[in-house]
Amino acid sequence: GLRRKGIRIVSCPRCGRASFDSQGFLASVEQDLLGINKDLTVAIMGCQVNGPGEAKSADIAITGIGNAIFLYVKGELVRKVSVDEAKSALLEAIEDAE
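Take the sequence shown: its letters are residues -17 to 80, numbered as in this note's numbering.
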């Protein structure tokens, strides 16, 4: 069969519960993600309601809650970082993913 290559992005539409600008963050990493040739699903979520659930079904996910960003790999919480560290933490996790 044919293997798919490239990042699939799941992101929340930004609702009243969101305390992290997931859409702004996505815009800041989008060009970086387009150049990655790995078959991965990456979730970028803005609240604690839907974020952990989406993280369980994604290869890599971040959920922002205020100034805290939670990084998940294969549904497991692996790291908590600041908003300023989020982009590099996400890209590092993608680079390390198989």
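Heads up, the beta-carbon is just placed ideally off N, CA and C, and yes, glycines get one too.
- Partner residues in the beta bridge of residue 21, as assigned by DSSP, are -12.
- By the Cβ-count criterion, residue 70 is exposed, with fewer than 16 other Cβ atoms from all chains shown falling within 10 Å of its own Cβ.
- The residues 47, in chain order, have a CB closer than 6 angstroms to that of residue 30 in the same chain once the five nearest residues on each side in sequence are set aside.
- Under the DSSP assignment, residue 62 falls in the beta strand (DSSP E) whose first and last residues are 58 to 64.
- For residue 7, the enclosing alpha helix (DSSP H) stretches over residues 4 to 16.
- For residue 2, same chain residues with a beta-carbon under 6 angstroms away, outside a window of 5 residues either side, are 28 and 46 in chain order.
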